[in-house]
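Reviewing the structure listed below.
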Amino acid sequence: MKHNEESKTLSAQTLTDLHADIAEKHTLLSSLQKSLPRQIDAKKAINTMLYRLSASKRITNIPTLRNLKRIALMLYRTLLLETSAQKVVLNWQSPSAFHALYDEAGNESGTITMTMNDYKRDYHHDAIPYEQAFRKEYIDGFVTLGVHTYLVSSGMAGLTTVLAFLQGEKFMAGPVIIGENTYFQGKGLILAACDSRAKIVPETDTDAIITLINRKKPTAIFLDSLTNSATMESPDVTTIIKYLIKHVHHDMTLVVGNTALSIAFQPLPMLLGRNRHIRLVVYESLIKFHQFGADRVTAGMIWAYGPGTEKLFDYRKNCGTNITDLSAHALPAPNRKLLEGRLNRINRNTHYLAGRLASFIASGQAPSFSGVVYPGSPAHPCYAWTKNYRFHGYLMALRYKHQKTTIKAAQSFIRRAIGEAKRQQIPLVAGTSFGFDTTRIYLTSSNTRYGEPFLRIAVGTEDMEQLERVAAIIEQAMKNTTHLFLR
2 MKHNEESKTL SAQTLTDLHA DIAEKHTLLS SLQKSLPRQI DAKKAINTML
52 YRLSASKRIT NIPTLRNLKR IALMLYRTLL LETSAQKVVL NWQSPSAFHA
102 LYDEAGNESG TITMTMNDYK RDYHHDAIPY EQAFRKEYID GFVTLGVHTY
152 LVSSGMAGLT TVLAFLQGEK FMAGPVIIGE NTYFQGKGLI LAACDSRAKI
202 VPETDTDAII TLINRKKPTA IFLDSLTNSA TMESPDVTTI IKYLIKHVHH
252 DMTLVVGNTA LSIAFQPLPM LLGRNRHIRL VVYESLIKFH QFGADRVTAG
302 MIWAYGPGTE KLFDYRKNCG TNITDLSAHA LPAPNRKLLE GRLNRINRNT
352 HYLAGRLASF IASGQAPSFS GVVYPGSPAH PCYAWTKNYR FHGYLMALRY
402 KHQKTTIKAA QSFIRRAIGE AKRQQIPLVA GTSFGFDTTR IYLTSSNTRY
452 GEPFLRIAVG TEDMEQLERV AAIIEQAMKN TTHLFLR
């Protein structure tokens, strides 16, 4: 009797999940439909899909709904890029301002000003609507008019632009504090830029960070709001900002890598109008959450507040990190409500999967593993200040008992998991990045001296029933994995 009740509850939750997923796809396709160029002959396909998505509210067949969710995503991905291409297909990357016989500006004829927007590597109008919408939808603050938003070609392009800006303007001529578990690619660049002036601190030791700020008077601080690392640490940025507001009386820049927490972490309201010496610069990748699982183009965002941050425009231009016109159009329109719903699902799924795998390891059924690293777990060292976060991230790390377990062992685990998923016909992907509909397994930081390799699971937006099947597949792979040691 109890089993039947649990089964009914699970089925009901699964249907709720799938109908929410389909509502998301309906919103995305509806938004795309409104922006279709006249030359796109896709209205019939979108109208048909929108009708099917609307009618699915009456459908209770779970496999049918899952299939519809997948088909809708694939249609959206296809039309998103096709629509974007049609918007710029006639345009030039170096459009003409004037012409004698042949206009080489395409759809932008009459809008090109020499030395201003006649070279798209430097600047173009295509990015402006997204930048404005991003500021309105995704940045919290009583006033955001003083906030500068700049689209770039990727999250890493955002960091390189910020580093060039800080160096060029002499904004980090003194000591620089860097979080120990800063994303390994970024950490290497920051250390190279700072040389001996860099002071590395563990993100979990807030007192040590504050003591270092007091002693060294840093000109710049680099922290990831949630680190994409083996330890997945999240510094107590709120406490750090409060200290900076009260005690910093010299020019200083706080740089936050915000890809992992995205709109769930909002530092601007903490700082706005409270200390004129501090500038805030935030950068993040738009490849993950902001594309709602479509994964169409690489893109990144820099947004900044404080003295001199408007000069980031020139550094983006001179660094050549501006986003392409095609990519600017291929980004889904910013939608706060839609993105929050997606993050909520990913948060729920990650919390569930992390807890289940931790219990499985604790039961002794996965002898090669010692535990799960997840920022939303009470066992995590940062939980004291992150427990009230509404979003604890998108991933977890599986820890092997033996610290010298080889990369080969992790790759073996991934192959086992994918093989089992294929056998059971359950979607699972071996691949990088995160924020997708389908859970991904990946070996991260496997070829760098700036980070420890770790086995990462980036959880998707699966419905509850499917998530349980994914969990069972990973458990089976963990159960069958044995140690391989360094020779």
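Numbering-wise (my numbering), the sequence shown opens with residue 2 and increments by one. The beta-carbon is built from N, C-alpha and C at its ideal position, and this holds for glycine as well.
Is residue i helix, strand or coil by DSSP?
i, result
"residue 371", "strand"
"residue 466", "helix"
"residue 299", "coil"
"residue 93", "coil"
"residue 225", "strand"
"residue 485", "Confidence at residue 485 is low in this model, with a pLDDT of 45, below 50, so the placement of that residue should be treated as unreliable; the coordinate-derived value is given next. Three-state DSSP puts residue 485 in coil, outside helix and strand."
"residue 324", "coil"
"residue 440", "coil"
"residue 414", "helix"
"residue 111", "coil"
"residue 53", "helix"
"residue 61", "coil"
"residue 457", "strand"
"residue 149", "strand"
"residue 200", "strand"
"residue 280", "strand"
"residue 316", "helix"
"residue 396", "strand"
"residue 105", "coil"
With distances taken Cα to Cα, identify the nearest neighbour of residue i among the options.
i, options, result
"residue 12", "61, 36, 30", "61"
"residue 53", "383, 169, 236, 27", "27"
"residue 125", "141, 145, 153", "153"
"residue 393", "192, 145, 354", "354"
"residue 413", "477, 466, 482", "482"
"residue 24", "73, 44, 45, 64", "73"
"residue 70", "470, 132, 464", "464"
"residue 220", "10, 426, 188, 164", "164"
"residue 22", "46, 34, 66", "66"
"residue 192", "391, 451, 108", "451"
"residue 300", "251, 474, 155", "155"
"residue 349", "365, 391, 364", "391"
"residue 467", "63, 34, 43", "63"
With burial defined as no fewer than 16 other Cβ atoms inside 10 Å of the residue's Cβ, what is the status of residue i: buried or exposed?
i, result
"residue 283", "buried"
"residue 401", "buried"
"residue 171", "exposed"
"residue 307", "buried"
"residue 488", "Since pLDDT at residue 488 reaches only 32, below the 50 mark, its modelled position is unreliable, and no value is offered."
"residue 59", "exposed"
"residue 130", "exposed"
"residue 289", "buried"
"residue 486", "Low local confidence applies: a pLDDT of 36 at residue 486 is under 50, so the model's placement there is unreliable, and no value is given."
"residue 351", "buried"
"residue 101", "exposed"
"residue 184", "buried"
"residue 403", "exposed"
"residue 5", "exposed"
"residue 208", "exposed"
"residue 380", "exposed"
"residue 132", "buried"
"residue 68", "exposed"
Going along the chain, which residues of its own chain have a beta-carbon closer than 6 angstroms to the beta-carbon of residue i, five neighbours each way excluded?
i, result
"residue 445", "455, 457"
"residue 447", "408, 454"
"residue 386", "237"
"residue 441", "430, 432, 459"
"residue 382", "205"
Short of 8 angstroms in beta carbon distance, which residues of its chain neighbour residue i, apart from the five on each side in sequence? Order them along the chain.
i, result
"residue 437", "294, 296, 430, 459, 461, 462"
"residue 336", "28, 32, 138"
"residue 143", "270, 273"
"residue 362", "370, 371, 372, 373, 479"
"residue 449", "185, 186, 189"
"residue 75", "none"
Who are the Cβ neighbours of residue i in its own chain at under 7 angstroms, not counting the five residues just before and after it?
i, result
"residue 357", "472"
"residue 313", "149, 151, 162, 166, 303, 305"
"residue 326", "89, 92, 121, 125, 127"
"residue 249", "276, 278, 279"
"residue 435", "289, 395, 396, 441, 459"
"residue 141", "267, 269, 270"
"residue 417", "478, 481, 482"
"residue 7", "none"
"residue 194", "164, 168"
| field | Contact the segment 371-379 vs the segment 333-344: 3+ CB pairs below 8 angstroms | value | no
| request: Examine the Cβ distances between the segment 192-201 and the segment 232-244 and report whether three or more of them are shorter than 8 angstroms. | output: no
| query | On the three-pair Cβ rule with 8 angstroms, is the segment 251-264 touching the segment 158-172? | reply | yes
| Contact between the segment 114-122 and the segment 92-105 (3+ Cβ pairs under 8 angstroms) | Between the segment 114-122 and the segment 92-105 there are three or more C-beta pairs closer than 8 angstroms, enough to call the two in contact.
| Is it true that the segment 323-334 meets the segment 79-91, where meeting means three or more beta-carbon pairs spaced less than 8 angstroms apart? | yes
| At least 3 beta-carbon pairs within less than 8 angstroms: the segment 172-182 vs the segment 129-136 | Short answer: they don't touch.
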